[in-house]
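Input: a single structure, listed below in structure tokens.
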Amino acid sequence: MPKKKDAQAEWLLKAMELAFQKKKGLWAHSMLDAVKGLTAEQAAWKPKKKGAHSIWEIVHHATYWKDFLVQRLEGSTAQFSDEESWVVPETTEEAWTKAVARLKRTHNKLMRRLREKKLDLDKPFPGEKMTVGEALFGVLAHDLYHTGQIVLLRQLQGIEL
Numbered sequence: 001m002p003k004k005k006d007a008q009a010e011w012l013l014k015a016m017e018l019a020f021q022k023k024k025g026l027w028a029h030s031m032l033d034a035v036k037g038l039t040a041e042q043a044a045w046k047p048k049k050k051g052a053h054s055i056w057e058i059v060h061h062a063t064y065w066k067d068f069l070v071q072r073l074e075g076s077t078a079q080f081s082d083e084e085s086w087v088v089p090e091t092t093e094e095a096w097t098k099a100v101a102r103l104k105r106t107h108n109k110l111m112r113r114l115r116e117k118k119l120d121l122d123k124p125f126p127g128e129k130m131t132v133g134e135a136l137f138g139v140l141a142h143d144l145y146h147t148g149q150i151v152l153l154r155q156l157q158g159i160e161l
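Heads up: the sequence shown at position 98 corresponds to 98 in the working numbering, and the numbers run straight through without jumps.
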């Protein structure tokens, strides 16, 4: 892979970390900043609008998506289920703490798997109709999009960030 592509892949990986890790945010709050300090009750709160998601559901969805990509990188042919990705089985304080910890672990595992590989951004992503570059950019955009939703849900509840 030419050096330019190495630099592009490294930039995407760095941007993914900035969008996710505490106190790193890409021009805004990171995902971990956005979920910091929330109680289970705050995380489970939903606006009255039909179809609106809670912060907890968003965290579960982001974790599910990252885990799906890890599985694909490890050779699995598992299928992504959007419906399953939003299901939160229980809403206790312990379950919320575990959900945030799982999000961190899954993100870190995805980053490790990506860094272990020689990334060719133009190569097909395993088992998908997208390239590696599109998958990486997709994770970045997905985290930023959902972080914005989490920040808005905090604001609607009057919770400072």
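Yeah, the Cβ is synthetic: ideal placement off N, Cα and C, and Gly gets one too.
| Check | Outcome |
| --- | --- |
| Backbone secondary structure at residue 39 - three-state DSSP | coil |
| Rounded C-alpha distance that separates residue 36 from residue 19 | 14 Å |
| Coarse secondary structure for residue 92, derived from DSSP in three states | coil |
| Beta-bridge pairing of residue 124 - partner residues as DSSP gives them | 131 |
| Element boundaries [alpha helix (DSSP H), containing residue 61] | 55-73 |
| Helix, strand or coil at residue 77 [DSSP, three-state] | coil |
| Short Cβ contact (7 Å threshold) for residue 63 with residue 102 | yes |
| Spatial neighbours of residue 74 in its chain, beta-carbon cut-off 8 Å, leaving aside the 5 residues before and after | 113 |
| Backbone CA spacing between residue 130 and residue 136 [nearest angstrom] | 10 Å |
| Check whether residue 32 and residue 48 have beta carbons under 7 Å apart | no |
| Residue 86 - DSSP class collapsed to helix/strand/coil | coil |
| Residue from 132, 115 and 117 with nearest C-alpha to residue 123 | 132 |
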